[in-house]
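Structure first, then comments.
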Amino acid sequence: MLQLADMRLWSGRTDSEDGRAGERWHQRISPLQLDNPPGIAILGFASDEGVRRNKGRIGAAKGPRILRLAMANLPATFDLPLYDAGNVRVDREDLESGQALLGARINELLDHGHFPFVLGGGHEIAYGSYQGIARWMRELHREKTLGIINFDAHLDLRIPAPKGSSGTPFYQIAEQCQINGRPFKYLCVGAADNANTPALYQRADELGAEVIRDREINSWNLEKVKTQIREFADKVDFIYLTVCLDVLPAAEMPAVSAPSGRGVSMALLEELLDTVLDSNKVCLADMAEFNPYFDIEDHAARTAARLGFQIANRAARSAHMG
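FYI, numbering that gives the first Met the number 0 numbers position 212 of the sequence shown as 211, with every residue one higher than the one before it.
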């Protein structure tokens with residue numbers, strides 16, 4: 000079901016003596032009305048069902064609420080309007096209806112010129128997000144191509160058995176691309192060999208997916224990785240950016256279903272995210288798998304909020320340049 004924005008979550012420090020330059024997100028954000036001028040629209044996807052089906056640690060349904068609380072005090076460093084578009088909540092075990100509703104809501108936001116920034120929820124969010132951007136492209140950009148860049152320790156290319164889960168979204172997307180005669184262009188950045196079976200890597204090869212493993216991402220190899228990302232971005236017209244927070248090391252991000260033994264450090268991840276966002280092709284972003292039950296004194300929430308700050312600022316800059 001669709002839940003209205005709870006604006007009580009947006010509260011925090013106020014430095015009135017500094018005027019507009021001292022404002023924070025909680026002072027700028029407003030509940031979304033679709034006739035509002037285009038801006039960044041924060042939309043929650045409150046779902047644990049995909050993680051439950053994938054036999055993971057549930058709790059991510061609370062992620063959108065806690066992430067809003069963590070983002071409320073971020074400094075307002077851009078002039079693009081900022082909106083809260085409420086939540087899509089998955090009721091009971093009906094994940095498929097929730098994903099369809101998420102897709103419809105994203106399509107609506109894109110139609111009205113907004114940049115949807117979706118907060119999960121498990122990584123089943125990706126199949127709902129894709130449904131929204133695919134519909135938008137069919138209606139308005141039929142001749143354009145979409146690339147998906149997923150920062151993730153997992154390929155999430157499992158075959159639904161029998162239903163979709165947080166481990167199946169990109170296989171489901173590949174299936175839809177085949178049905179609709181569209182190319183499946185997928186790059187997973189940060190895949191961990193100890194978190195993906197040989198069958199998953201073989202499936203990635205069969206589907207033509209590109210993979211950059213976590214062990215390839217280090218300070219002395221960073222420019223090569225950036226080049227791979229730029230080359231992927233150059234081949235597509237639009238990019239759907241999805242960040243599974245378990246791409247970070249467990250020490251930096253323990254609050255996920257499956258913490259990473261190695262991961263990609265925050266310092267390197269930020270640089271790679273900038274590489275994607277600098278393409279000015281990202282028109283939809285989401286952040287998945289935040290599970291506040293496993294946070295420690297809100298440390299992980301602050302880390303996720305920093306990534307949200309980076310994504311929103313770059314999206315605002317791209318909108319201004321456009």
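Heads up, the beta-carbon is just placed ideally off N, CA and C, and yes, glycines get one too.
Kindly identify the DSSP beta-bridge partner or partners of Met286.
Leu118 and Val242
Note to self: Given a cut-off of 8 Å on the beta-carbon distance, is the pair Gly58 and Ser165 in contact?
What the structure shows: no
Item checked: CA-to-CA distance, Leu42 to Glu209, given in whole angstroms -> 28 Å
Between the region 148-167 and the region 180-193, can you find at least three pairs of beta-carbon atoms closer than 8 Å? yes
Candidates Pro161, Leu276, Ala103 and Ser10: closest to Leu1 by CA position: Ala103
### Query
Between Leu271 and Ile228, is the Cβ-Cβ spacing less than 8 Å?
yes
Chain E contact for Asp83 (CB, 8 Å cutoff):
Absent here is chain E; the protein component of the structure consists of one chain.
State the CB to CB distance for the pair Ala315 and Phe116, rounded to an integer number of angstroms; the pair is presumed to be in contact (CB under 8 Å). Not really, about 11 Å apart at Cβ, beyond 8 Å.
Contacting residues, own chain, Cβ-Cβ under 6 Å from Ser278 (five flanking each side not counted): Ala232
Would DSSP call Phe44 helix, strand or coil?
-> strand
* Asked: Could you give the C-beta distance for Trp9 and Arg67, rounded to a whole number, given that I count them as a contact under 8 Å?
  -> 7 Å
Q) Contact check, Met6 vs Asp83 under 8 Å by CB: the rounded distance? A) 7 Å
Problem - Own chain partners of Leu276 with C-beta closer than 6 Å, once the 5 adjacent residues on each side are dropped - result: Arg313
Alpha carbon to alpha carbon, how far is Leu31 from Ser218? 41 Å
- Given a threshold of 16 other Cβ atoms within 10 Å of its Cβ, counted over all protein chains shown, does Tyr239 qualify as buried or as exposed? buried
Hey, Glu288 and Ser317: beta-carbon distance below 8 Å or not? no
- Task: Report, in whole angstroms, the separation of the C-beta atoms of Pro291 and Gly62, which I expect to be a contact under 8 Å.
- Result: 6 Å
Checklist entry - Any idea if Ile295 is buried or exposed, counting beta-carbon neighbours within 10 angstroms, 16 or more meaning buried? => result exposed
(message) Tell me the residue span of the beta strand (DSSP E) that contains Val210.
(response) Glu209 to Arg212
Can you list, in chain order, the residues of its chain whose CB lies under 6 Å from that of Pro80, leaving out five sequence neighbours each side? Pro36 and Gly38
In whole angstroms, give me the CA-to-CA distance for Ile216 and Met265.
12 Å
CB of Leu221 within 8 Å of CB of Leu156, strictly
no
**Request:** Look at Ser128 and Leu94 and say whether their C-beta atoms are less than 8 Å apart.
**Result:** no
I'd like to know whether the C-beta atoms of Glu205 and Gly163 end up nearer to each other than 8 Å. no
request  = Alpha carbon to alpha carbon, how far is Gly119 from Asp110? Give it in angstroms, no decimals.
outcome  = 22 Å
Next on the checklist: For the alpha helix (DSSP H) containing Leu68, name the first residue and the last one.
Outcome noted: Gly62 to Met70
Return the residue from the list Ala20, Gly307, Asp34 and Gln201 that minimises the CA-CA distance to His113. Asp34
Beta-ladder partner(s) of Asn86, from DSSP:
Gln2 and Gly43
TODO: Starting from the C-beta of Thr167, find all residues in its chain whose C-beta is less than 6 Å away, skip the five residues before and the five after it, and write them out in chain order.
DONE: Arg157 and Pro159
- Query: Helix or strand or just coil, what does DSSP make of Val50?
  - Reply: helix
Between which two residues does the alpha helix (DSSP H) holding Phe150 run?
Run containing Phe150: none in the alpha helix (DSSP H); it sits in the beta strand (DSSP E), Leu145 to Phe150.
Problem set entry | Pick from Lys234, Leu244 and Gly121 that is closest to Phe343, judged by C-alpha positions | This structure cannot speak to residue 343, because the chain is shown only from 0 to 321.
**Burial state of Thr144, where buried means 16 or more other Cβ atoms lie within 10 Å** = exposed
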